[in-house]
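In this note's numbering, the protein residues as written are -13 to 107.
Idealized CB from N, CA, C, for every residue including glycine.
Small disclaimer: the values here were computed from a predicted structure and weren't measured.
As structure tokens, the structure follows; a few thoughts come after it.
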């Protein structure tokens, strides 16, 4: 895994931890997510899972493992503006769930910013 992907992975892990803990202050402070988008995120998660499930992402070592359908647990790809996109399977209590988190990263040196796109399947 490239160093920019490792940097993005760290941000992604923290973001999903914030969602799992329903820690709106982390999502606002660390990721500049507005309260209305935070509500949308929680609603999207609620469409897939019961309240209180523990969300996480695959470990760095397992990120490239394929799930049914041939999709990687975490798939990084380049985007047009020179950043990095990601499709990430959300794990529920350590097991692969149905929801996929879509996000993009802008990377400048060792600075990495996550931009939430949506949660789908």
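Classified as buried, residue 102 has 16 or more neighbouring CB atoms from the shown chains inside 10 Å of its CB.
If you check the CB distance, residue 60 and residue 85 do not come in under 7 Å. Nearest neighbour of residue 57 by Cα position, chosen from 9, 83, 5 and 33, turns out to be 83. As DSSP reads the structure, residue 101 sits in a beta bridge with 90. According to the DSSP secondary-structure assignment, residue 42 is paired through a beta bridge with 77. Distances from the alpha-carbon of residue 67 to those of 78, 80, 92 and 8 put 92 closest.
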